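*Asks:*
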Ligand code: ATP
Ligand code: MG
Ligand code: MG
Ligand code: MG
């Protein structure tokens with residue numbers, strides 16, 4: 199089954215279970231100015247869960263475009279390193295607004311994944327987690343579904359063992375509740391362990407589906423009361439389930455990515471077909487193109503700066519592959535072939551997206567080469583393994599290298615960045631700007647100050663809304 203068929207099968211299955219099929223909402227959330235980008239299927243339904251928005255359906259299903267490249271959920275640095283993370287991905291979801299609860303949610307997920315009429319996955323490859331105190335979910339898995347108890351794992355709260363936690367909350371107050379997750383075992387030849395073990399962050403056991411039971415409402419004093427109408431919010435990564443169904447381990451080996459990677463090879467003329475940079479560029483063209491479709495433009499602040507950071511990272515990886523001129527915008531065509539049918543807005547805005555990407559490429563090309571030369575020189579002269587803050591600052595300030603771009607290069611060479619030195623150089627510049635401000639206004643300085651304050655804003659505001 200190709201990705202398009204899997205997406206359709208998911209929506210068909212839930213439509214048969216009386217869910218309304220709802221279109222993906224844009225990446226810029228319309229109902230939540232505190233959230234950087236739509237990063238889960240539930241985002242467009244936040245107010246429905248809160249009860250402040252009413253719909254004429256109580257069951258919905260979507261394939262939601264998501265970006266996780268900043269704020270609370272940031273997978274930018276995972277791209278090129280893990281088999282399962284993208285900056286842009288599609289989250290398949292089913293939602294119950296005070297309608298069905300744990301039993302049906304678990305039954306639906308299991309039937310869709312394992313029934314031969316649907317995905318037909320071998321049950322012995324699947325394991326599940328529940329929240330440590332959620333005996334109700336445990337019993338459904340063990341006694342009604344019949345999952346062997348050695349493959350049902352109880353997981354606690356944040357700050358418990360290892361990284362995983364199984365209690366979800368919309369924010370510090372408001373709806374919250376336990377999760378249950380479904381993992382697929384890609385086999386012993388891949389490094390990693392089941393959830394709840396020290397090796398859980400490996401790529402052997404991959405989380406494919408996360409089901410949230412909104413069961414309580416938390417008040418400001420921390421006390422929890424049962425929600426009058428418990429709800430369900432689920433999310434399954436389309437690319438992850440596609441990898442499982444297509445018998446490949448990495449998301450980057452699925453049909454859609456193989457075609458995009460072919461386009462990257464052609465556009466950069468690279469001979470190195472094993473390079474991780476191929477994955478980075480193929481991933482980034484999706485987030486960049488869809489962000490432009492949804493109205494974000496590269497800029498020096500807020501959402502626009504996140505887009506600029508992703509683009510500049512992609513352009514640098516393209517250059518590493520051997521591209522000598524603007525190449526990134528030419529990939530939009532391949533993307534439209536893969537996704538234009540499911541997302542007609544992409545097809546409609548193709549020319550505009552290409553133009554925006556090309557302009558950014560041209561602008562960055564001027565300084566990328568010079569900046570890289572300076573960085574190479576400074577690295578060659580390094581005595582330790584830390585790139586000085588003054589270099590990081592110079593690249594940022596004069597050559598348009600976002601700090602995470604320099605960090606990305608450093609990581610490839612097993613070097614670190616002197617962030618304290620970078621902060622000090624930033625502060626010095628702020629002081630200079632303030633002093634200069636007594637005499638005249640320097641708009642360039644003002645702009646870089648804006649970038650700073652804006653970012654602190656987003657990071658701190660992010661805490662208010664957490665997706666799945
Ligand atoms: P992981 O633990 O693997 O980082 P997650 O717990 O952060 O995943 P959720 O927030 O639970 O993910 O999102 C629901 C589902 O969306 C996941 O089970 C997974 O299938 C998919 N998903 C999450 N993040 C990504 C990503 N960056 N790229 C691709 N798919 C993702
Ligand atoms: Mg994650
Ligand atoms: Mg997880
Ligand atoms: Mg999860």
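In this note's numbering, the protein residues as written are 199 to 666. Just so you know, even glycine gets a beta-carbon here, dropped at the ideal spot from N, CA and C. Since this is a predicted model, take the numbers as computed values, not measurements.
Per DSSP, what kind of secondary structure is residue 483 in: helix, strand or coil?
*Replies:* For residue 483, the three-state secondary structure derived from DSSP is helix.
*Asks:* Could you pull the start and end residues of the alpha helix (DSSP H) that residue 370 belongs to?
*Replies:* Here residue 370 belongs to no alpha helix (DSSP H), and DSSP marks it neither H nor E.
*Asks:* Is it buried or exposed, residue 567, if we count other Cβ atoms within 10 angstroms and call 16 or more buried?
*Replies:* exposed
*Asks:* For residue 422, count neighbouring Cβ atoms within 10 angstroms of its own Cβ and tell me buried if that reaches 16, exposed if not.
*Replies:* exposed
*Asks:* Tell me where the alpha helix (DSSP H) around residue 455 begins and ends.
*Replies:* 453-466
*Asks:* Quick one: grab the DSSP three-state call for residue 201.
*Replies:* Note: residue 201 maps to helix in three-state DSSP.
*Asks:* Please report the distance separating the alpha-carbon of residue 307 from that of residue 435.
*Replies:* Using only the alpha carbons, I get a separation of about 13 Å.
*Asks:* Could you tell me if the beta carbon of residue 408 falls within a distance shorter than 7 Å of some heavy atom in ligand 4?
*Replies:* yes
*Asks:* Going by beta carbon distance, what residues of the same chain come within less than 7 Å of residue 350, once the five residues before and after it are set aside?
*Replies:* 326, 328, 336, 339, 340
*Asks:* With which residues is residue 321 paired in a DSSP beta bridge?
*Replies:* According to DSSP, which records beta bridges pairwise, residue 321 is partnered with nothing at all.
*Asks:* So, is residue 617 buried or exposed, given that buried needs 16 or more other C-beta atoms within 10 angstroms?
*Replies:* Counting of Cβ neighbours within 10 angstroms places residue 617 among the exposed residues, the total staying below 16.
*Asks:* Just to check my reading of the structure: residue 603 and residue 511 have Cβ atoms closer than 8 Å, yes? What is that Cβ distance to the nearest angstrom?
*Replies:* 5 Å
*Asks:* Can you tell me which of the three DSSP states residue 389 falls into?
*Replies:* Assigned with DSSP and collapsed to three states, residue 389 falls in coil, not helix or strand.
*Asks:* Considering only the beta carbon of each residue, do residue 623 and residue 588 sit closer than 8 Å?
*Replies:* Going by C-beta atoms, residue 623 is nearer than 8 Å to residue 588.
*Asks:* Going by beta carbon distance, what residues of the same chain come within less than 7 Å of residue 276, once the five residues before and after it are set aside?
*Replies:* 283
*Asks:* Could you say if the region 312-326 and the region 470-488 meet the contact criterion of at least three C-beta pairs nearer than 8 Å?
*Replies:* no
*Asks:* Quick one: does the C-beta of residue 405 sit closer than 7 Å to a heavy atom of ligand 4?
*Replies:* yes
*Asks:* For the beta strand (DSSP E) that contains residue 423, what are its first and last residues?
*Replies:* 422-435
*Asks:* Assuming contact is defined by CB atoms lying nearer than 8 Å, are residue 403 and residue 376 in contact in what I supplied?
*Replies:* Between residue 403 and residue 376, the gap from beta carbon to beta carbon reaches 8 Å or more.
*Asks:* Grab the span of the alpha helix (DSSP H) containing residue 550 for me, first residue to last.
*Replies:* 548-578
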